[in-house]
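Reviewing the structure listed below.
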Ligand code: PGA
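What follows is the structure in C-alpha cells.
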C-alpha cells in the first residue's frame, strides 16, 4: 500500500512555547498508527530542532521545513539552504507552496532548482501544485497542473521522482473554508497520476503519494482521504488545533 500521510503546515503561526505544547498534545493523544501511515509536521525554521527532538519518541512522525532556498549557498541574507536543513537531520521540505508562488513570486523553474537541491541533500520534497479560481472557472485546471508537474518535476529520473510527495492544493480552497468536493479531488488526483504514468509508467505513478490540501478539517478529512487516489492531506489551519489534527490523522486509510 502507498504511504498514507497526514502533513501539517503550521505556516507563520505560534511561538516556541505554543508550538511545543501543540506538538506534545498531538503526540500524547494520537492513536497508534500503522506502518504505512505517517505524520509530517512542517514547522517554522526556529522550531525545527525542538520538533525534531520531540517526535523522536514516535517512529510514525517526521518533521519538515516549509521552504528552502533555490541556490546551494552564498550571499542570500535571511535564506535557508537544503544543506543547513540536512545538517540538523530534517528529512522533508515543502516546496512550491502556493503562498510562496504568490507572495514570493516563485516560478516553476525555481521550484525545480529547489527540488534538485532537496534531493541532493536527502530531503524528500513535498511538492505543491494547484490552480487558482479563474483557472478552475475556465475549466483549464488539468492542463495547468500538468504544466506545473512537467516544468518542476519531469526532468527527474525514475528513482528521483519516487522520492517526491505531491500535494494538490487548489488555491481557491486554501484557508477559505471552501473545500473541493471529494469528486473534484479524486478527479484531479487521478489526472495527476495519469500524467505521471504517461512520463514514468504506471508502476512508478502508483507508488507516489498524492496528498490533498485546502480547508481539510476534522469533519471532511475521512471522506477526502477515502478517495482512491488520495493518500492523505496537507493541512494548514486545522493542524493548529491538536484535537482537530488528531481526528484528521485518524481519518487516514
Ligand atoms: P488550509 O491550508 O488547510 O488552512 O486551507 C492548507 C495549506 O496551505 O497547505
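Numbering (our numbering), first residue to last: 475 to 727. Even glycine gets a Cβ: it sits at the ideal position worked out from N, Cα and C.
Exposure of residue i, with buried meaning 16 or more beta-carbon neighbours within 10 Å
i           : result
residue 495 : exposed
residue 528 : buried
residue 506 : exposed
residue 490 : exposed
residue 611 : exposed
residue 630 : buried
residue 608 : exposed
residue 681 : exposed
residue 717 : exposed
residue 662 : buried
residue 632 : exposed
residue 548 : exposed
residue 719 : buried
heavy atom of the ligand PGA below 6 Å from residue i C-beta
i           : result
residue 649 : yes
residue 488 : no
residue 627 : no
residue 709 : yes
residue 482 : no
residue 689 : yes
Where residue i falls: helix, strand or coil (DSSP)
i           : result
residue 711 : helix
residue 542 : coil
residue 669 : helix
residue 530 : coil
residue 648 : coil
Nearest-angstrom Cα separation, counted from residue j out to residue i
i           : j           : result
residue 604 : residue 709 : 15 Å
residue 637 : residue 570 : 16 Å
residue 508 : residue 532 : 12 Å
residue 634 : residue 590 : 9 Å
residue 541 : residue 492 : 21 Å
residue 563 : residue 654 : 35 Å
residue 642 : residue 525 : 25 Å
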